[in-house]
DNA sequence: GTCTATATGCTGATAGAC
DNA sequence: GTCTATCAGCATATAGAC
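Residue numbers (the numbering used here), protein chains in the order written: chain A, 429 to 627; chain B, 429 to 627.
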């Protein structure tokens, strides 16, 4: 987390606080205190809170989309690529709580402009790659729907995990990215174009 | 929405505002204004904001859990019952925005006490019924995992819908509860104990 | 760049009249 | 039960010294 300049230190601290408690629950004061500067100093880097929020979102999401794109286009064959992508996304959702919570908060806000931005800059390209992979791998007339199904399920596993861990009889593997990845890949194999060898 | 007494009118107005904007973004003043009373009047019914928030959650979620329980125990055979339950849940998630957004906000907050409460009072019984149905219908060694998978997917479809509607080439049926229900039931049929007739 | 000081408004909550 | 009046505290944001 070693931040070279003040602007980035502010973004990192703000991202953590916004993710954990939401935008309106976190004051400029608390962000400044977390960074260790005076409150007014934030206004030297960001003209107001709204601009800080938008900068945080851009800052957090920009890196992730490139990372996923690399995995999706890694040159391996479709099933391997798919497995890597699913594993990458699940691990991100379960372990990168800052990005994940900010993402879910954006979905809740349903600000059309921000969602459009998020879709175009973070999701669209990766989603297109996913559709191509599924089209190559699966025997389905609608690979777009398959991609929506797969992405939805992955997102849902993460969201529902908060409840699952409180359910009676829940095992740890129900909320473990690797176990979920294995399970989903087994499911997909059932719909593969040609029967694949197991293990 | 005809609310007989003031307490319920406050709960309804507060639920809508909290769902749309979050707890800390909505002031007691705005709730009072929405109801059409003076701000101080809210403190006659709720001792503080925290108690109002908790009352809203109880008020909104208590009715829904009974409704789902009825569907799950409706006496029909497993696949019919399952289809009704999936359809019910998807329709709720896509159309009852107040309950859905409050639910997702609770998942984000991850206040252990509140999640425990939510799990025990809203989810556990219905989830157990779902596990039994899946155990009867599917050929699987782990019906609990099947229930988690199904619930996660349904939740994920709703969450991801906000992005899907902004993706290039998205069709309306990708975010339609009935179409998603049909798709999921077809998927489950593949894992049924005995081959079921289609259509 | 970072600070102190401050303006202005909104917040949750209380007191007490009716 | 509902109101008006009011409090102390915290919010965002600005001005200007260093």
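Ideal placement from N, C-alpha and C gives every residue a C-beta, glycine not left out.
The stretch 454 to 473 of chain A makes contact with the stretch 437 to 446 of chain A, as at least three CB pairs between them are under 8 Å.
A check of alpha carbon separations from residue 492(A) across 519(A), 480(A), 474(A) identifies 519(A) as the nearest.
When secondary structure is reduced to three states using DSSP, residue 595(B) falls in the coil class, being assigned neither helix nor strand. DSSP places residue 479(B) inside the alpha helix (DSSP H), whose first and last residues are 477 to 500. Shown in chain order are the members of the stretch 516 to 536 of chain A whose Cβ falls below 9 Å from a Cβ of chain B: 529, 532, 533, 534, 535, 536.
When C-beta distances to chain A are compared with 8 Å, every residue of the stretch 499 to 512 of chain B stays at or above that value.
Within chain B, the C-beta atoms nearer than 7 Å to that of residue 597(A) come from 572, in chain order.
Proximity to residue 599(A) across 446(B), 622(B), 571(B), 615(B) peaks at 571(B), based on C-alpha coordinates. Near chain B, meaning a CB-to-CB distance below 8 Å, no residue of the stretch 456 to 471 of chain A qualifies. Within chain A, the residues whose beta carbon sits less than 8 Å from that of residue 581(B) are 577, 580, 581, 584, listed in sequence order. Contact check for residue 489(A) and residue 550(A): beta-carbon distance about 5 Å, within the 8 Å limit, so the pair qualifies.
For residue 504(B), the secondary structure class from DSSP, reduced to helix, strand or coil, is coil. Of the other Cβ atoms in all chains shown, 16 or more fall within 10 Å of the Cβ of residue 450(B); this residue is therefore buried. As computed with DSSP, residue 620(B) is found in a beta bridge with 566(B). For residue 453(A), no alpha helix (DSSP H) encloses it, and the DSSP letter there is neither H nor E.
Contact between residue 500(B) and residue 561(B) holds: CB atoms are separated by about 7 Å, below the 8 Å threshold. Within the same chain, 609, 612 come within 6 Å of residue 514(B) by CB-CB distance, once the 5 residues on both sides are set aside.
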